[in-house]
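**Q** Note that full-length UniProt numbering has the sequence shown beginning at 1, numbered continuously upward.
Provided herewith is a single structure, encoded as structure tokens, for subsequent inquiry.
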Amino acid sequence: MSRTFNLPKPLFEKHSKKGVLLLHAYSGSSNDVRYIARHLEKYDYSVYLPIFSGHGTLEPFDILMSNPKNWQREVTEAVNLMKADGIEQIAVFGLSMGGIFALDLLTENLPEVIGGGAFCSPVVMGENQVAQNFLIYAKNVWQMQDFSKQEIEEKIERMKVDQPLQLAEIEQFAVATAEQLSKVQVPVFLAQGGKDEMILPESVFQTAQKLTQTHITLQWYEKSGHVVTVDCQKNELINDLLAFLAKLSWNEV
Numbered sequence: 001m002s003r004t005f006n007l008p009k010p011l012f013e014k015h016s017k018k019g020v021l022l023l024h025a026y027s028g029s030s031n032d033v034r035y036i037a038r039h040l041e042k043y044d045y046s047v048y049l050p051i052f053s054g055h056g057t058l059e060p061f062d063i064l065m066s067n068p069k070n071w072q073r074e075v076t077e078a079v080n081l082m083k084a085d086g087i088e089q090i091a092v093f094g095l096s097m098g099g100i101f102a103l104d105l106l107t108e109n110l111p112e113v114i115g116g117g118a119f120c121s122p123v124v125m126g127e128n129q130v131a132q133n134f135l136i137y138a139k140n141v142w143q144m145q146d147f148s149k150q151e152i153e154e155k156i157e158r159m160k161v162d163q164p165l166q167l168a169e170i171e172q173f174a175v176a177t178a179e180q181l182s183k184v185q186v187p188v189f190l191a192q193g194g195k196d197e198m199i200l201p202e203s204v205f206q207t208a209q210k211l212t213q214t215h216i217t218l219q220w221y222e223k224s225g226h227v228v229t230v231d232c233q234k235n236e237l238i239n240d241l242l243a244f245l246a247k248l249s250w251n252e253v
């Protein structure tokens, strides 16, 4: 009997001319930030949760078919889509890799982007568990589709060969972004889980030090892991995010 899978979808909901763009993590999807989006909607923020190319499918190798340059372009396209729909001002945030792309956008100082930030993002790369966790993710996806043990082992071995190049590209992009952070002039919100098992939690302080030309709000969630957007302190994160958003220079009250 064939199984049916509900794949994640992008989310776009317009409520006002105030927009929040939320970017998901590497190997993640819009589901990473959907809980936050639904709460922001209650406060009349328009929200857009795109899905990066290669993500949100039943084939992990699809992710390796894309690259950071594509994802960077897709963030710009997301901003343009929101503007075309009448959203005049935008704040952009991202989880993990999504946060790198959010901060990259902030370095461009676009007039319509009035703030943003990153949640548990390895902008300053150090020791991390990204490669290992991606293999676990891929294995789980294949097991869910009833591939044989031998088929999965063969796929894993191939993945071990193919993935390091992409991770190196992401790291290069993160380094380039970190070098440009002194250009950011709009307020920045940084969130970090104290029990982050994917990256070094303390790296958030290095990221903050590079943001020399703007006001920073740094929130530390001691009990939370890497996916802080859905972890045990997610409601604290939402309240802190709402407080940050309320202080941005929106034209529309």
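Don't be surprised by glycine CBs; every beta carbon is placed ideally from N, CA and C.
Owing to the predicted nature of the structure, the values given are computational and were not obtained by experimental measurement.
(1) Tell me which residue opens and which closes the beta strand (DSSP E) that Lys160 is part of.
(2) Would you kindly work out how many angstroms separate the C-alpha atoms of Tyr45 and Leu242, rounded to a whole number?
(3) Going straight from the alpha carbon of Lys14 to that of Lys83, what length do you get?
(4) Which first and last residues belong to the beta strand (DSSP E) in which Lys18 is found?
(5) Are the beta-carbon atoms of Phe173 and Pro50 separated by less than 8 Å?
(6) Over the uninterrupted beta strand (DSSP E) stretch that includes Ile216, give me the two end residues.
(7) So, for Ser121: in the same chain, excluding its five sequence neighbours on each side, which residues have a beta-carbon less than 6 Å away from its beta-carbon?
(8) Could you tell me which of Arg34, Gly28, Pro187 and Tyr221 sits nearest to Asn109, measuring between CA atoms?
(9) Have a look at the DSSP bridge pairing and note the partners of Ser66.
(10) Alpha carbon to alpha carbon, how far is Lys42 from Pro10? Give it in angstroms, no decimals.
(11) What is the residue span of the alpha helix (DSSP H) that Glu59 lies within?
(12) For a test of the three-state rule: what should DSSP assign to Glu77, helix, strand or coil?
(13) Return helix, strand or coil for Ile87, following the three-state DSSP convention.
(14) Please report how far the alpha carbon of Met144 lies from the alpha carbon of Asp62, in whole angstroms.
(15) Gly94 and Leu23 - do their beta-carbons sit closer together than 8 Å?
(16) Taking 7 Å as the limit between beta carbons, can you name the residues of its chain near Gln133, skipping five residues before and five after?
**A** Inspection of the coordinates gives the following:
(1) The residue you call residue 160 lines up with position 160 of the sequence shown. Element bounds for Lys160: not the beta strand (DSSP E) but the alpha helix (DSSP H), Lys149 to Gln180.
(2) One-based indexing of the sequence shown puts residue 45 at position 45. One-based indexing of the sequence shown puts residue 242 at position 242. Cα to Cα, the separation comes out at about 10 Å.
(3) Position 14 of the sequence shown holds residue 14. Position 83 of the sequence shown holds residue 83. Straight-line Cα distance between these residues: approximately 11 Å.
(4) Reading the sequence shown from its first residue, position 18 is the one you call residue 18. Note, Lys18: beta strand (DSSP E), Lys18 to Leu23.
(5) Start at 1 with the first residue of the sequence shown, and residue 173 comes out as number 173. Start at 1 with the first residue of the sequence shown, and residue 50 comes out as number 50. No; because the gap between Cβ atoms is not below 8 Å, this pair is not in contact.
(6) Here residue 216 refers to the residue found at position 216 when the sequence shown is read from its first residue. Ile216 to Tyr221 is the extent of the beta strand (DSSP E) around Ile216.
(7) Here residue 121 corresponds to residue number 121 of the sequence shown, with the count starting at 1. Counting only Cβ-Cβ distances below 6 Å, and skipping sequence neighbours, we find Ser96, Gly99 and Ile100.
(8) Position 109 of the sequence shown, counting from 1, holds the residue named residue 109. Per the Cα distances, Pro187.
(9) Working through the sequence shown from its first residue, we reach residue 66 at position 66. DSSP output for Ser66 lists no bridge partner at all.
(10) Position 10 of the sequence shown, counted from the start, is the residue given in the question as residue 10. Position 42 of the sequence shown, counted from the start, is the residue given in the question as residue 42. Cα to Cα, Pro10 sits roughly 19 Å from Lys42.
(11) Residue 59 sits at position 59 when you count from the first residue of the sequence shown. No alpha helix (DSSP H) contains Glu59, which DSSP labels as neither H nor E.
(12) Within the sequence shown, numbered from 1, the residue matching residue 77 stands at position 77. Three-state result, Glu77: helix.
(13) Within the sequence shown, numbered from 1, the residue matching residue 87 stands at position 87. Three-state DSSP puts Ile87 in coil, outside helix and strand.
(14) As a working note, residue 144 is residue 144 in the sequence shown. As a working note, residue 62 is residue 62 in the sequence shown. Answer to the nearest angstrom: the Cα atoms are 17 Å apart.
(15) In the sequence shown, the residue the question calls residue 23 occupies position 23. In the sequence shown, the residue the question calls residue 94 occupies position 94. Contact: yes.
(16) As a first step, residue 133 is located in the sequence shown; it is residue number 133 there, counting from the start. Rather than Gln, the amino acid found at residue 133 in this sequence is Asn. If we look at Asn133 and ignore the five residues flanking it on each side, its Cβ neighbours are Met198.
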